[in-house]
Amino acid sequence: MGEKKTTNIILFSGDYDKAMAAYIIANGAAAYDHEVTIFHTFWGLNALRKDEHMPVKKGFLEKMFGKMMPRGSDKMGLSNLNYAGFGPKLIKNVMKKHNVMPLPKLIEMAQEQDINLVACTMTMDLLGLQKEELLDNIEYAGVAAYLAEAEDGKVNLFI
Amino acid sequence: MGEKKTTNIILFSGDYDKAMAAYIIANGAAAYDHEVTIFHTFWGLNALRKDEHMPVKKGFLEKMFGKMMPRGSDKMGLSNLNYAGFGPKLIKNVMKKHNVMPLPKLIEMAQEQDINLVACTMTMDLLGLQKEELLDNIEYAGVAAYLAEAEDGKVNLFI
Amino acid sequence: MGEKKTTNIILFSGDYDKAMAAYIIANGAAAYDHEVTIFHTFWGLNALRKDEHMPVKKGFLEKMFGKMMPRGSDKMGLSNLNYAGFGPKLIKNVMKKHNVMPLPKLIEMAQEQDINLVACTMTMDLLGLQKEELLDNIEYAGVAAYLAEAEDGKVNLFI
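Chains as they are written, first to last, in UniProt numbering: chain S, 1 to 159; chain C, 1 to 159; chain P, 1 to 159.
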């Protein structure tokens, strides 16, 4: 009869390492029976992008943002020691050696564990991202939905 | 008779997009009847700077920091895709197109909604910022005041 | 008879200023009788590095990370206005002038106040950091231990 524990993470960052931290905490919390939501906003939306090009109609500004941002979690850079893409390669090598799951696998695992992956509709508009470009089986919501969950949350993080 | 819900945000970052996220969450929470505080520390203090030059006396080091930091929320850069000021222009254009409020308007709205805008006095000292340089009708406090509110907070975020 | 208040901070960032913020909040919370834990993960582990070189055996990749990362809290850079190491010097001068404790002192104070300084074992592996290279009298744990504490935390922050 205990109250349901919830973990709510806002993923604002588009960095590979920060997204990894978010998904590791989220998967851990789900394993401990928390109800978990990751609310992706701004650059964090890139973690939900499909890696192939999707033929959608966009205005000029939206096309530019689309080109400048990484297409999918595997192409995100590091927050530190990025060195023009060398850092991510280095860390992915070390991760393989130590059997740490790469980010795309962590996201798959989150979906298998029924973690709510939410895309912020306001920032999707802003960055010109459309539903066809994002992973299937995710949800779409705004700040009101986030707040409704966060106010009962045990663990609320902004990453 | 329900207990008052509170949202406490530490705004550490001096990035336009992160400050936007902080103020969007804060304004949303206030609309849902939360008591909301944004505690501005380090580079987050720049969001509270007036945009005009204020004639205050400063030491040499403080003057340097004053010159290096943006004067007011409208001049802050992006955390990502900043490209020497090009990114902010791009995103402000997209925001106008999508009717998203720019940061200075979000701050005005926060003041109208009686959100407590607090400037961290310790880091004001450190960065050489004086009260005359910051917006009117804000509060001044230290980490103790933050903790007193945060320990009863429903939503605590560090941005 | 009140319930014990707890503050749990994840220190992900390897920036001097962000680590300062984390330790100032932590020391403040401890002074107000909170039970405080700082969970150091990814680049945040650098705050726990000893400043001398420790003779440990490492693979090639781990050696590279070891060389690229700052050895100890005093050598960390700023998140903003770093200017190739000039920013940190500037801010340390201002700190001295205003009697603000430098980061290594804040960490010492945290240890004196019995704040739990925890190193994330998974990311230690990833970055090739060994126990001999980190400060004495710290703890070692993974995400499960973090979650167990955070779900009862009053103040949970990701920095």
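Yeah, the Cβ is synthetic: ideal placement off N, Cα and C, and Gly gets one too.
Contacts around residue i, its chain only, beta-carbon distance under 6 Å, and the 5 residues preceding and following it disregarded
i, result
"Gly-153 of chain S", "Thr-6, Asn-8"
"Ala-29 of chain S", "Thr-7, Val-36"
"Leu-135 of chain C", "Leu-48"
"Phe-158 of chain P", "Ile-10"
"Phe-65 of chain C", "Leu-127, Gly-128"
"Arg-71 of chain S", "Arg-49, Asp-51"
"Pro-104 of chain C", "Ser-73, Asp-74"
"Phe-12 of chain C", "Thr-41, Phe-42, Gly-44"
Proximity below 8 Å, CB of residue i to CB of residue j
i, j, result
"Ala-21 of chain C", "Phe-42 of chain S", "yes"
"Asn-116 of chain P", "Val-155 of chain S", "no"
"Asp-15 of chain P", "Ser-79 of chain P", "yes"
"Phe-39 of chain C", "Tyr-140 of chain C", "no"
"Leu-45 of chain C", "Met-124 of chain C", "yes"
"Glu-133 of chain P", "Val-56 of chain P", "yes"
"Asn-137 of chain S", "Gln-111 of chain S", "yes"
"Ala-19 of chain S", "Met-76 of chain S", "yes"
"Ile-25 of chain C", "Val-118 of chain S", "no"
"Pro-102 of chain C", "Lys-92 of chain C", "yes"
Coil, strand or helix - residue i by DSSP
i, result
"Ser-79 of chain C", "coil"
"Tyr-32 of chain S", "coil"
"Met-1 of chain S", "At Met-1 of chain S, the pLDDT of 40 sits below 50, so the modelled position is not reliable; the number obtained from the coordinates is stated separately. If DSSP states are grouped into helix, strand and coil, Met-1 of chain S belongs with coil."
"Asn-99 of chain C", "coil"
"Thr-121 of chain P", "helix"
"Leu-11 of chain P", "strand"
"Asn-116 of chain S", "strand"
"Val-94 of chain P", "helix"
"Glu-151 of chain C", "coil"
"Leu-134 of chain P", "strand"
"Ile-38 of chain C", "strand"
"Leu-129 of chain C", "coil"
"Glu-52 of chain S", "coil"
Contact with chain P by residue i, beta-carbon distance below 8 Å
i, result
"Met-1 of chain S", "Residue placement at Met-1 of chain S cannot be trusted, given a pLDDT of 40 that sits under 50; the coordinates are not used to answer."
"Asp-17 of chain S", "yes"
"Ile-115 of chain S", "no"
"residue 178 of chain S", "Lying outside 1 to 159, the shown extent of chain S, residue 178 of chain S is not represented and no answer is given."
"Asn-93 of chain S", "yes"
"Phe-12 of chain S", "no"
"Leu-147 of chain S", "no"
"Leu-134 of chain C", "no"
"Val-100 of chain C", "no"
"Ala-141 of chain C", "no"
"Ala-144 of chain C", "yes"
Cβ neighbours of residue i in the same chain (closer than 8 Å, five flanking residues each side left out)
i, result
"Met-69 of chain S", "Gly-14, Trp-43, Asn-46, Arg-49, Leu-127"
"Leu-61 of chain S", "Gly-128"
"Lys-67 of chain S", "none"
"Ala-150 of chain C", "Asn-8, Asn-156"
Supposed close pair residue i, residue j - CB separation, criterion 8 Å
i, j, result
"Tyr-32 of chain P", "Leu-106 of chain P", "No, Tyr-32 of chain P and Leu-106 of chain P are not in contact; Cβ-Cβ is about 16 Å, not under 8 Å."
Test: residue i CB closer than 8 Å to a CB of chain S
i, result
"Met-122 of chain P", "yes"
"Ala-26 of chain P", "no"
"Val-118 of chain C", "no"
"Lys-67 of chain C", "no"
"Ala-84 of chain P", "no"
"Ile-159 of chain C", "yes"
"Ala-29 of chain C", "yes"
"Val-155 of chain P", "no"
"Ala-21 of chain P", "no"
"Glu-151 of chain P", "yes"
"Met-64 of chain P", "yes"
Within-8 Å CB hit, residue i to chain C
i, result
"Thr-41 of chain S", "yes"
"Asp-125 of chain S", "yes"
"Val-36 of chain S", "no"
"Lys-5 of chain P", "yes"
"Leu-106 of chain P", "no"
Own chain, CB closer than 7 Å to residue i, minus 5 neighbours either side, in chain order
i, result
"Leu-81 of chain C", "Gly-87"
"Asn-27 of chain P", "Leu-106, Met-109, Ala-110, Gln-113"
"Lys-4 of chain P", "Glu-35"
beta-carbon residue i near the ligand SAM non-hydrogen atom, thresh 7 Å
i, result
"Leu-135 of chain C", "The model on display carries no ligand, and the ligand SAM is accordingly not part of it."
Residues of the region 44 to 55 of chain P whose Cβ lies closer than 9 Å to any Cβ of chain A, in chain order: Among the protein chains in the structure shown, which are S, C and P, there is no chain A.
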